[in-house]
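Just so you know, we're using my numbering here: the sequence shown kicks off at 13 and counts up by one. The C-beta atom is built at its ideal place from N, Cα and C for all residues, glycine as well.
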Amino acid sequence: MWRVGPTGSHGARTINVNGFDSIMFFRMLIESFVRRRSRKLLAVAAVWIGLSLVIGLLALGLDVGDKLNREMRSFGANIQLQPAEAAVDVRVGGYELVAPGRTVYLDEADLPRLKQIFWRNNILAFAPRLTTQARLAGRSVPLVGTWFNHHVLLEDADPFVTGAAEVFPYWQARGAWPMNPESCLVGAALAQELDLGPGDRVELTTDQRSTSVRIVGVLTSGKDEDEAIVAPLSVVQRLAGLPGKVAEVQISALTTPENKLAERYGRDPQSLTPAEYERWVCTPYPGSVAADIQNAVPGSSARVVRRVAETQGAVLGRIDGLMLLLGIFVLIASTLSIMGVLSSAVLERRGEVALLQAVGAHRADVLRLFLTEAVAIGLAGGVLAALTGQVLGGWLLRVIFDSASEPHGVLLILAPLLGLLIAVAASVPPVWRTVHQQAARLLRGV
13 MWRVGPTGSH
23 GARTINVNGF
33 DSIMFFRMLI
43 ESFVRRRSRK
53 LLAVAAVWIG
63 LSLVIGLLAL
73 GLDVGDKLNR
83 EMRSFGANIQ
93 LQPAEAAVDV
103 RVGGYELVAP
113 GRTVYLDEAD
123 LPRLKQIFWR
133 NNILAFAPRL
143 TTQARLAGRS
153 VPLVGTWFNH
163 HVLLEDADPF
173 VTGAAEVFPY
183 WQARGAWPMN
193 PESCLVGAAL
203 AQELDLGPGD
213 RVELTTDQRS
223 TSVRIVGVLT
233 SGKDEDEAIV
243 APLSVVQRLA
253 GLPGKVAEVQ
263 ISALTTPENK
273 LAERYGRDPQ
283 SLTPAEYERW
293 VCTPYPGSVA
303 ADIQNAVPGS
313 SARVVRRVAE
323 TQGAVLGRID
333 GLMLLLGIFV
343 LIASTLSIMG
353 VLSSAVLERR
363 GEVALLQAVG
373 AHRADVLRLF
383 LTEAVAIGLA
393 GGVLAALTGQ
403 VLGGWLLRVI
413 FDSASEPHGV
423 LLILAPLLGL
433 LIAVAASVPP
443 VWRTVHQQAA
453 RLLRGV
């Protein structure tokens with residue numbers, strides 16, 4: 013800042029042109045905000061509103077992947093767990109070889125391990141299955157055993173409630189779900205064929221034993237279960253003479269869509285560098301979650317249900333791309349509006365800049381004054397946007413997914429930084445042009 017010095021030998025005051033005095037600098041800065049309150053508030057509002065839209069979209073984007081993944085659970089399980097021996101296909105001359113009389117199973121007692129793995133929080137639901145044949149009304153029908161509203165006891169955690177209704181949301185039961193070992197569901201096609209419905213009691217017989225169960229609902233799945241009796245797992249284990257055994261486990265897991273890294277691992281795991289392998293392990297790709305599950309359950313083989321995983325990945329990939337494109341457009345539009353407000357504010361003060369230069373202020377001092385104002389405006393607008401943007405993102409999430417949003421601490425830091433960068437970037441071009449103008453011509457009114 014220019015500064016008036018002591019009186020010279022002829023009574024005239026000298027001007028110190030060695031730059032801004034710190035006290036005068038802050039005095040001018042404060043007076044600028046006080047005298048131009050409306051302009052400064054307008055600039056802060058421009059940053060606030062523009063960044064609120066950007067932060068709102070970012071907050072929505074951070075949550076939308078998980079929410080969409082949960083919504084797409086209607087596709088069914090995306091990971092299947094089965095005995096390792098059953099997962100190995102041996103073919104000779106185009107014929108599949110199966111060991112006669114040998115069927116392998118998993119232990120039901122090992123299933124709580126699924127909620128003890130590294131990716132345990134990504135395991136949304138799972139349901140074991142055991143299938144056998146039973147005689148009903150003089151004919152052989154498939155008998156499927158699974159969990160219904162089953163409580164899995166965990167160490168140092170509340171019981172995990174899971175079952176077929178959670179793993180297969182597309183299952184529709186007309187009536188009720190089986191809640192005790194004496195109840196079952198009948199498939200819609202089988203119910204129509206045998207004229208069965210809720211309230212009927214049927215006798216199920218196998219080579220080992222028989223039991224009587226009451227039908228509590230008619231199941232519509234659109235798959236093989238429509239022609240079967242679906243009962244609690246314990247009932248089927250008892251009828252099949254296989255206590256504590258399951259044939260497979262259907263798992264619904266929250267995963268990240270596979271990218272080129274995951275595809276490379278699928279083709280050749282040895283092609284990954286140690287850093288790439290660590291990134292693969294630490295990202296919940298379907299393959300990495302399946303590998304973690306397989307390592308946790310003895311004698312098992314976990315495979316990704318590609319039809320479900322690829323469909324989920326394709327949908328999520330398009331949504332992520334749309335959110336990114338929308339965010340970029342909003343950021344550009346917000347930046348342009350902020351630049352317009354700040355540029356007009358700077359250009360209105362060309363006379364003030366010319367006067368400062370005329371009395372000896374350096375260009376760097378003037379530039380520092382305007383950029384400091386821009387920093388203050390950007391930070392103020394960014395702090396406000398950090399709060400309102402997350403509120404906006406939470407509101408969008410409730411409207412679209414009817415779900416609550418989680419606070420994102422990173423946005424509280426990102427919003428002020430974005431506000432600062434945008435405000436400074438918007439101020440530099442007009443200030444630079446202004447400080448390089450011809451002060452004398454402007455002061456003469458030319």
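Report the CB separation of W60 from L396 in whole angstroms; it is logged as a contact under 8 Å. 4 Å
Confirm, please, whether the CB-CB distance from P190 to V12 is below 8 Å. No statement about residue 12 is possible, as the shown extent of the chain runs from 13 to 458 and does not include it.
Quick check on Q128: does DSSP put it in helix, strand or coil? coil
For V353, which residues in the same chain have their Cβ closer than 7 Å to its Cβ, ignoring the five residues on either side in sequence? L54, A55, A58
When we look at the beta-carbon of F160 and count the other beta-carbons within 10 Å, is it buried (16 or more) or exposed? buried
Would you kindly work out how many angstroms separate the C-alpha atoms of N271 and R330, rounded to a whole number? 13 Å
Straight-line Cα distance separating W131 from D168: 17 Å
Quick one: complete alpha helix (DSSP H) runs, 4+ long, within the segment 154–224? 176–179, 200–206
Kindly identify the DSSP beta-bridge partner or partners of E260. R141
Going by other Cβ atoms of all chains shown within 10 Å of its Cβ, with 16 needed for buried, is K235 buried or exposed? exposed
Given a cut-off of 8 Å, decide if A89 and S312 are closer than it, judged by their beta-carbon atoms. no
What whole-angstrom Cβ distance do G339 and V66 have, given they're in contact under 8 Å? 6 Å
Pull up the distance between the alpha-carbon of E43 and that of P296, whole angstroms please. 55 Å
Bounding residues of the alpha helix (DSSP H) (the contiguous stretch that carries A386): 375–413
Name the two residues that bound the continuous beta strand (DSSP E) containing S313. 312–316
Classification of V458 by the beta-carbon crowding that lies within 10 angstroms, buried from 16 upward: Below a pLDDT of 50, predicted positions are generally treated as unreliable, and V458, at 44, falls in that range; no measurement from the model is reported.
Under 6 Å Cβ to Cβ from G175, same chain only, skipping five residues before and after it: list those, please. A139, W159, F160, N161, H162
Inter-stretch contact (C-beta, 8 Å, three-pair minimum) for the segment 419–428 and the segment 392–406: yes
Alpha helix (DSSP H) segment containing L251, residue limits: 245–252
Which residue marks the beginning of the alpha helix (DSSP H) containing Q306, and which one marks its end? 298–308
Could you tell me whether the Cβ atoms of I129 and D304 are closer together than 8 Å? yes
Drop a sphere of 10 angstroms on the beta-carbon of S34, count the other beta-carbons inside from all chains shown, and report buried for 16 or more, exposed for fewer. exposed
Nearest neighbour of R219, chosen from R39, G401, R147 [CA to CA]: This sequence places Asp at residue 219; Arg is not what is there. Comparing Cα positions, the closest option is R147.
Please name the residue, chosen from E275, T143, G150, that lies closest to G253 on a Cα-to-Cα basis. T143
Taking the C-alpha atoms as reference points, what is the distance between G105 and I412? Reliability of the predicted coordinates at G105 is poor, the pLDDT of 46 falling under 50, and no value is obtained from them.
Is there contact here, the segment 241–256 with the segment 198–215, by at least three beta-carbon pairs under 8 Å? yes
Span of the beta strand (DSSP E) around L93: 91–95
C-beta contact flag for A137 and V179 at 8 Å: yes
From the DSSP output, in three-state form, read off R151 for me. strand
Distance check for K52 and F38, CA to CA, integer angstroms please. 16 Å
Hey, S415 and G405: beta-carbon distance below 8 Å or not? no
Can you tell me whether D75 is buried or exposed? The criterion is at least 16 other CB atoms within 10 Å of its CB, across all chains shown. buried
I need the DSSP call for E108, collapsed to helix, strand or coil. At E108, the pLDDT of 46 sits below 50, so the modelled position is not reliable; the number obtained from the coordinates is stated separately. In the structure shown, E108 sits in a strand (DSSP, three-state: E or B).
Leaving out five residues on either side along the sequence, give the residues of the same chain with a beta carbon under 6 Å from the beta carbon of L206. A149
Distance, Cα to Cα, L424 vs S346? 18 Å
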